[in-house]
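Encoded as structure tokens, the structure appears first; notes follow it.
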Amino acid sequence: MKQYIIDDLRLGEYEKIKTYLDESVGSSKMDGIYWIQLDENILTDIQAEHKECQPFYFAIDIEPNVVSCELLVRSRSTIKCNCTSYATESQRNWIIKFADTIFKKLEITT
1 MKQYIIDDLR
11 LGEYEKIKTY
21 LDESVGSSKM
31 DGIYWIQLDE
41 NILTDIQAEH
51 KECQPFYFAI
61 DIEPNVVSCE
71 LLVRSRSTIK
81 CNCTSYATES
91 QRNWIIKFAD
101 TIFKKLEITT
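For the sequence shown, position 86 matches number 86 in our numbering, and the numbering has no gaps at all.
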């Protein structure tokens with residue numbers, strides 16, 4: 001799996017990130033996994049055409065010492081479809097900026 005990883009979190013940073021994600025995107029049904037909706041302006045042509053598969057998400061997995069952003073863009077309503085794919089360059093940049101913005105807002109240095 002391709003991922004953007006920020007590791008070596010310090011004591012207390014995990015809880016700050018978890019609280020932020022719980023409040024901003026909703027608490028996770030699977031402990032530590034959060035589904036982040038991708039901006040519809042950066043969908044691929046196939047993703048934009050697949051209205052029945054929208055919205056599209058990427059997953060953030062947080063653990064006490066690491067944050068992992070999966071670079072797989074997928075639907076939560078369909079499992080196998082050709083609209084599920086690894087992030088394009090613009091989607092990847094959006095995902096990285098999303099994660100980096102969380103750290104900046106929470107004043108966590110990496």
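From the three backbone atoms N, C-alpha and C, an ideal C-beta is built for every residue, glycine too.
As the structure is a computational prediction, the values presented were derived from the model and not from experiment.
Whole-angstrom C-beta distance between residue j and residue i, which should lie under 8 Å
i, j, result
"Y14", "I62", "7 Å"
"L72", "F56", "So it is not a contact: roughly 10 Å between Cβ atoms."
"I108", "K16", "7 Å"
Spatial neighbours of residue i in its chain, beta-carbon cut-off 6 Å, leaving aside the 5 residues before and after
i, result
"N65", "L9"
Which listed residue (the options) has its alpha carbon closest to that of residue i
i, options, result
"N82", "A48, K105 and E107", "A48"
"L38", "Q91, E107, D100 and K105", "Q91"
"N41", "Q54, M30, G32 and D31", "Q54"
Per DSSP, the bridge partner or partners of residue i
i, result
"S85", "V73"
"E63", "V66"
Close-in-space but distant-in-sequence residues of the same chain around residue i (CB under 7 Å, 5 per side omitted)
i, result
"W35", "Y57, A59 and R76"
"R74", "F56, Y57 and T84"
"V25", "Y34 and I36"
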